[in-house]
Amino acid sequence: MPGMDGLQLAGAIRAHERDSGAHVPIITISAAPLPDHIVPGQDGGADDFLLKPIDLPALRHMLARWLAPGAPGAARQAPAILDPSFLTLGLAGVDAGQARELVDLFTACARDDLLACRNAIGQSGARMLPQYMHKLKSSARMVGAARFVALAESVEARAPGGAALDAAMLDELEAALDEVESAAGALGRACREAGAAPGHDAALPRAVLVVDDDPVARRQLAMMLAAIGVPQVRLVASAQEALALLAREDGIELVISDLNMPDQDGIELLRELAARACDQRLILVSGIDERTLGTAAELARAMGLRLCGTLGKPVRLAALDSLLRLPCVATAAPGAARSISAADLADGLRRDQFSVHFQPKVDAATLRPVGVEALARWQRDGEAVAPDLFIALAERHGLIAQLSEALLAKALVGAARLAERGFELHLSVNVSASWLSDLRLPEFILASTRAVGIAPAQVVLEVTETGLMSDALTALDVLARLRLKGYTLSIDDFGTGYSSMSQLRRIPFGELKLDRSFVHGATDKPASRAILASSIEMARKLGLTTVAEGVETRADLDLLRGLGCDQVQGWFVARAMPLEQLLNWLEARPVSCNGSGERT
182 MPGMDGLQLA GAIRAHERDS GAHVPIITIS AAPLPDHIVP GQDGGADDFL
232 LKPIDLPALR HMLARWLAPG APGAARQAPA ILDPSFLTLG LAGVDAGQAR
282 ELVDLFTACA RDDLLACRNA IGQSGARMLP QYMHKLKSSA RMVGAARFVA
332 LAESVEARAP GGAALDAAML DELEAALDEV ESAAGALGRA CREAGAAPGH
382 DAALPRAVLV VDDDPVARRQ LAMMLAAIGV PQVRLVASAQ EALALLARED
432 GIELVISDLN MPDQDGIELL RELAARACDQ RLILVSGIDE RTLGTAAELA
482 RAMGLRLCGT LGKPVRLAAL DSLLRLPCVA TAAPGAARSI SAADLADGLR
532 RDQFSVHFQP KVDAATLRPV GVEALARWQR DGEAVAPDLF IALAERHGLI
582 AQLSEALLAK ALVGAARLAE RGFELHLSVN VSASWLSDLR LPEFILASTR
632 AVGIAPAQVV LEVTETGLMS DALTALDVLA RLRLKGYTLS IDDFGTGYSS
682 MSQLRRIPFG ELKLDRSFVH GATDKPASRA ILASSIEMAR KLGLTTVAEG
732 VETRADLDLL RGLGCDQVQG WFVARAMPLE QLLNWLEARP VSCNGSGERT
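So the numbering used here is basically just the index in the sequence shown, starting at one, shifted up by 181.
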């Protein structure tokens, strides 16, 4: 906030309270994550922190924590022994019996693991102690055993040395476990009765396989999937069991796998699934740090697996439900292009097999359509070929100019048709880096634009920043002249290249396009949120329009609105579609919309 920010305000309130002894709980909220050096509750100011957009269950849980009798003092003195709101937060419609079952499963498994840890002290098996503690900590979080979590984290920090770990620390963990068992009796008063199981939604998978070595995590996910309406859930404890089940059984549509597992970890499972050309959808779940989880996700996509997304532990029901409903398209794995040759591509051009689909770009605040992006499509003998494959093939074999000319012509004709029907929308066209090496390109694009009666100001030319490195001098020449002719230049996939800041300084871009890898699911990824926030703020200072691609959920949209992004596109708004379908979609839209996209 201007003048005095929220943390300064919290400090001022605390200063005012010192003489009276009062303590009013303060929760700070922001669209950007807190800097690492600021920890709520440890600086004498704010007690807690919520990230915008506010998640209703998270807000409910936080209010219950800070408004309970004696909460301001008690919450800072010691973590909760057992917090039932964690169970209701994760499982939504959980009943008392299910909650008690999950806690009892946790305590039983924890006792076995603590016994194994005790036996490992001073032996060669001590190297397993960090993994035991990681598992115990993760399980305890799922049931809200906050005191046990804190103790397990302390032991985990000492475990790698082995010698620094003694039996007294395990005694303390067992005592905390006794407290959890005693507190479990109150669960019947804290949890709601479960309603009738929902019917199956066609958007949901019918059969899901859960792979996790932690029985508490397996049971929690099974409860969640049943609450959402998935009719069949299979549970296995290892990657080996998962592969064996997939080999002998048909019908599994989705695999939910943990990453940190003994013997064969989740990364090894990904490798095996890719080698077997697994066509099941995939969700990765783990309690590891967000960046490592993101790396695993990138690996899965690079392998050609149908990754829907990732979830941190403990899993939230709303986040799981959202991922289950997302369509997942596999990225082509390395080597997949071998079945398509340059001769096939040239033949496709001769036979006019290439077409353009249009994906709407809308104002982030109002959802009013402001533009469309033209996306290349190739139907070869009735089968779709992935754009990444045929565009890369065209660039390697010197066919990119011929392909780009054909696609540009179709895109411009589409924009002219839209204008004729009363839709004056900006047209965004991707320009290959290889095409930028042609010094005649500005004149060609201008002539093509004028031929269909479109003004250059209506056309946005999207250039992938990594491509600008190949022939920098010629690219600068071409881009500068395109800007002089009135075209808007957009830096595409911003943040994925090697010299983003340098490109913004050297080239007269008018638009900054945020890559989907930072956008989708950013509400649960602090690093992605930080990148988005800083990129949008920088673009605002440079006078650039910001466009976010890959907006697939309401949470994605709400976060971008809170950060001040100008425009968005993605499956939450609309998929790419042929021109006639786009016209129907536009004509069905309200004339004007409020922030919820409703007619005003």
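Glycine included, each C-beta is placed from N, C-alpha and C at the ideal position.
- Query: Taking the continuous alpha helix (DSSP H) assigned at Q413, which residues delimit it?
  - Reply: Where Q413 is concerned, there is no enclosing alpha helix (DSSP H), although the beta strand (DSSP E) it sits in stretches over Q413 to V417.
- DSSP puts P206 in a beta bridge; with which residues? Per DSSP, none; premise fails for P206.
- Message: I want to know whether the segment 276–293 touches the segment 232–241 - three or more CB-CB distances under 8 Å.
- Response: no
- Closest to V644 by CA distance: which of I672, S585 and Q279 is it? I672
- Expressed to the nearest angstrom, what Euclidean distance is found between the alpha-carbon atoms of D394 and R531? 55 Å
- If you draw a straight line from the C-alpha of G222 to the C-alpha of A653, how long is it? A caution first: G222 carries a pLDDT of 47, below 50, which makes its placement in the model too unreliable to give a value.
- Since A348 contacts L317 with CB under 8 Å, what's their CB separation in whole angstroms? With a Cβ gap of about 16 Å, A348 and L317 do not count as contacting.
- Among L424, L663, L402 and A455, which has the Cα closest to the Cα of V414? L402
- Give me the Cα-Cα distance between A407 and L764, rounded to the nearest whole angstrom. Here the C-alpha atom of A407 lies approximately 40 Å from the C-alpha atom of L764.
- With a cut-off of 8 Å on the beta carbons, I'd call I207 and A193 a contact; round off their distance for me. That pair is no contact at about 11 Å.
- Query: Which residue or residues does DSSP assign as beta-bridge partners of H607?
  - Reply: G552
- Message: Looking at the ligand MG, does it come within less than 6 Å of A573, judged from the CB to the closest heavy atom?
- Response: With respect to small molecules bound, the structure shown includes none, and the ligand MG cannot be examined in it.
- Whole-angstrom distance between G751 and R686, CA atom to CA atom: Distance between the alpha carbons of R686 and G751: 28 Å.
- Query: What's the C-alpha gap between L593 and F571?
  - Reply: 21 Å
- Task: Determine the closest residue to A356 out of F329, P689 and E564, with distance taken between C-alpha atoms.
- Result: F329
- Query: In whole angstroms, what is the alpha-carbon distance linking F539 and T476?
  - Reply: 31 Å
- What is the DSSP secondary structure of T726, counted as helix, strand or coil? Shown here, T726 sits in a strand according to DSSP, grouped into three states.
- Item | Cα-Cα separation between V361 and T288, rounded to whole angstroms | 8 Å
- Between which two residues does the alpha helix (DSSP H) containing A425 stretch? A420 to R429
- Message: Quick check: L693 and Y668, are their CB atoms within less than 7 Å of each other?
- Response: no
- Query: Cβ atoms of A420 and L450: under 7 Å apart, would you say?
  - Reply: The criterion of a C-beta distance shorter than 7 Å is satisfied by L450 and A420.
- Task: Identify the continuous beta strand (DSSP E) that holds T645 and give its terminal residues.
- Result: Segment V640 to T645, the beta strand (DSSP E) holding T645.
- What are the start and end residues of the alpha helix (DSSP H) that includes Q540? For Q540, no alpha helix (DSSP H) encloses it; the enclosing beta strand (DSSP E) starts and ends at F535 to D544.
- Task: Confirm, please, whether the CB-CB distance from L492 to A478 is below 7 Å.
- Result: no
- Task: With a threshold of 16 other CB atoms inside 10 Å of the CB of Q189, please say whether the residue is buried or exposed.
- Result: exposed
- Item | Rounded C-alpha distance that separates G447 from D502 | Cα-Cα distance, rounded: 22 Å.
- Message: Check whether the segment 465–476 and the segment 707–719 are in contact - that is, three or more C-beta pairs closer than 8 Å.
- Response: yes
- Item | Contact between the segment 693–702 and the segment 720–736 (3+ Cβ pairs under 8 Å) | yes
- Specify, as a first and last residue, the run of the alpha helix (DSSP H) that R631 falls within. L622 to A632
- Message: In the DSSP assignment, the beta strand (DSSP E) including E564 goes from what residue to what residue?
- Response: E564 to V566
- Take L663 and list the residues in its own chain whose beta-carbon comes closer than 8 Å to its own, dropping the five residues that flank it on each side. L622, P623, I626, L642 and L670
- Just how far apart, CA to CA, sit G490 and A628? 43 Å
- Task: State the DSSP-derived secondary structure class of E434, mapped to helix, strand or coil.
- Result: coil
- Taking all protein chains shown into account, decide if S522 is buried (16 or more other Cβ within 10 angstroms of its Cβ) or exposed. exposed
- Query: Who does L693 pair with in a DSSP beta bridge?
  - Reply: I672 and T727
- Query: Are there 16 or more other CB atoms within 10 angstroms of the CB of D747, so buried, or fewer, so exposed?
  - Reply: Of the other Cβ atoms in all chains shown, 16 or more fall within 10 Å of the Cβ of D747; this residue is therefore buried.
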